[in-house]
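A quick write-up on the structure given underneath.
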Amino acid sequence: MILTLLLLSVVNAAAPQELARAIEIWSEHPIAVEIAWLTIDDEGRETVTAKRRTAIGPPVPLEFVHAAGRYVRFSYEGASPRTYSTGELLTARRLHVPDVLPGGELLLHVPHMTVRPVQLLVNGPRVHAVAFDSALHASLAGVPPGEYRVTPVYEGGLKSDVRTISVRAAETTLAHFPPENVGAARITAAPEVCDSATEVTMDAFVMPKPDPQFTVSPGRSRILTTREPRCDMTVGGLPPGQLEVFYRREGSDAGSSRFEASAQTLTAVTIAGPPVTVEGRVTLNGKPLAATIVSFAARPVQGQTASPRIQANAKTDTQGYYRLALDAPGAYNAMILRARTAPGQTKQVTLVEGRNFQDIALTGGTIRVELTGWPEGAVVQVRLQGTSEGSRSVMVTTLNVKEPQPFEGLSFGEYKLSLVMPGRGAMDRASIMTVPPDAKTVILSPASPEATVTFDIRQ
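Position one of the sequence shown corresponds to residue 1313 (our numbering), numbered consecutively onward.
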């Protein structure tokens, strides 16, 4: 009864005008404990309003006044303290006195702010990843004494500067994280931008030192890359200044927007859909052509001295499908730019505002080159020369002997193939040797559209 009166009277004396709440606290075995009632304000200042040393055994009521920034701390002789917010006590209703743990308590305090970390990474004698949502604090009790490096992480994954904090045994170390000089952006992208995007990147514009003799343009610094693009996403921890966000898909930009970030401000960023989109499938002899670069370039308009320089590229997926965006409707040349695919098969198209569909059907043959018996790490050049009417002229490409790739989309006709191994220098003719000396001839036709040629240095 005397213990109950003591625990009740402490809060009543400290805050007679405020409504007191109560929670039962207990311990299986009687234990000496010091209980402190305290406040922590938004500046990280800790003030103890009342303190009482007592022994806890059977359940007794503990009164407290609930409000933001109010806490109750349990401390033991020679052991780690443990701090609870009054909100945690309200939720618990009945509390077992915290276990006696060696080490100290690291009390992380993050007040309300517009741009707030969502996580603190704690590295040191023990490692923690502490998530923050609406809570103002996190208590890490029983951590080994020593130096800890704490890194704030913002929504979107950006990190800010690391802080070093010392934890002492049997003490509470308060680590306060005030608002930082960073902003945030809520990015809303149109479905035609984000649905097919594979990544989002963000650049900050960096102004170099002024030079009186030259006009200095701002540079770019990549601050974010994420492989999980969403139509609605928030990125925090942004440096104040001008930034640009890009939604990208394989080989092309799907949409972008420039914006100004300000400290402790959430900026709305909208990425509208492009005026023109074009999508389709690339096939070779009716089969999908994967990992192929498709290019659409504006075609010169007759009678105009200059035409708009509008071009966009995209890479096909495993099934041969592509999708890209353009800034204006009009006449375009569609072509394939893939290495080791025969150039020259151009399709002239007219694109209208909005969504366009353009399949690109290539015809022709494929020559696969197999390389055996070559030194480890060797790189060789393949020379392909058309020797009949309709076949392509000389094509030269470099292959790694471990990963040979085919020549695709070749016009039907006769071809001669030979290999060279480059020497140490371009002028070192003695070190450039045709291997083997005899070229090989291949004839491609609609009846036989594919051929395999093997070069073996051991022959």
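Glycine is no exception: its CB is placed at the ideal position from the N, C-alpha and C atoms.
Residue 1541 carries a coil assignment under DSSP once its states are collapsed to helix, strand and coil.
Taking C-beta separations shorter than 6 Å and ignoring five residues to either side along the sequence, the partners of residue 1536 in its chain run 1514, following chain order. Around the beta carbon of residue 1590, 16 or more other beta carbons sit within 10 angstroms, so the residue counts as buried. Collapsing the DSSP output to three states places residue 1641 in coil.
A check of alpha carbon separations from residue 1446 across 1380, 1389, 1452 identifies 1380 as the nearest.
A distance below 6 Å between beta-carbons, with the five flanking residues on each side excluded, links residue 1643 to the following residues of its chain, in chain order: 1611, 1662.
Per DSSP, residue 1503 is one residue of the alpha helix (DSSP H) stretching across 1503-1506.
Leaving aside the five residues that flank residue 1501 on each side, the residues in its chain whose CB is nearer than 7 Å to its CB run, in chain order, 1543, 1559, 1567, 1583. The alpha-carbon of residue 1630 is positioned some 8 Å away from that of residue 1601. Around the beta carbon of residue 1395, 16 or more other beta carbons lie within 10 angstroms, which makes this residue buried. Residue 1658 sits in coil when the DSSP states are folded into three classes, being neither helix nor strand.
Here residue 1484 is buried. Its C-beta has 16 or more other C-beta atoms within 10 Å.
DSSP, read as helix, strand or coil, puts residue 1401 in helix. Counting only the Cα atoms, residue 1549 lies some 44 Å from residue 1344.
When DSSP reads this structure, residue 1513 sits in a beta bridge with 1537, 1558. Below 8 Å, enough C-beta pairs join the region 1339-1354 and the region 1366-1381 to call them touching: three or more. A residue is called buried when at least 16 other Cβ atoms come within 10 angstroms of its Cβ; residue 1421 meets this threshold and is buried.
Among the bridge pairs identified by DSSP, residue 1518 is matched with 1531. The beta-carbon distance between residue 1609 and residue 1668, rounded to whole angstroms, is 15 Å. This is too long to meet the 8 Å contact definition.
Look at residue 1768 here: in three-state DSSP terms it is strand. Per DSSP, the unbroken beta strand (DSSP E) holding residue 1464 starts and ends at 1458-1465. Distance from the Cα of residue 1756 is smallest, within the candidate group 1338, 1356, 1677, 1468, for 1677. If you ignore the 5 residues before and after residue 1470, its C-beta comes within less than 6 Å of the C-beta of 1549, all in its own chain and listed in chain order.
DSSP places residue 1343 within a strand segment (E or B) once states are collapsed to three.
Assignment of residue 1586 by DSSP, reduced to helix, strand and coil, places it in the coil class.
Using a Cβ-Cβ distance cut-off of 8 Å, the region 1677-1687 and the region 1718-1731 are in contact, since at least three pairs of beta carbons, one from each stretch, lie closer than that value. Burial check for residue 1449: the Cβ neighbour count within 10 Å reaches 16 or more, so the residue is buried.
Take residue 1565, set aside five residues on each side of it, and the residues of its chain with a beta-carbon closer than 6 Å to its own are 1558, in chain order. Under the DSSP assignment, residue 1602 falls outside any beta strand (DSSP E); it carries neither an H nor an E label. DSSP links residue 1487 through a beta bridge to 1420. DSSP links residue 1565 through a beta bridge to 1560. Within its own chain, the residues whose Cβ lies closer than 6 Å to the Cβ of residue 1647, once the five positions on either side in sequence are excluded, are 1607, 1658, listed in chain order. In this structure, the CA atom of residue 1639 is about 16 Å from the CA atom of residue 1570. For residue 1378, there is no enclosing beta strand (DSSP E), since its DSSP letter is neither H nor E.
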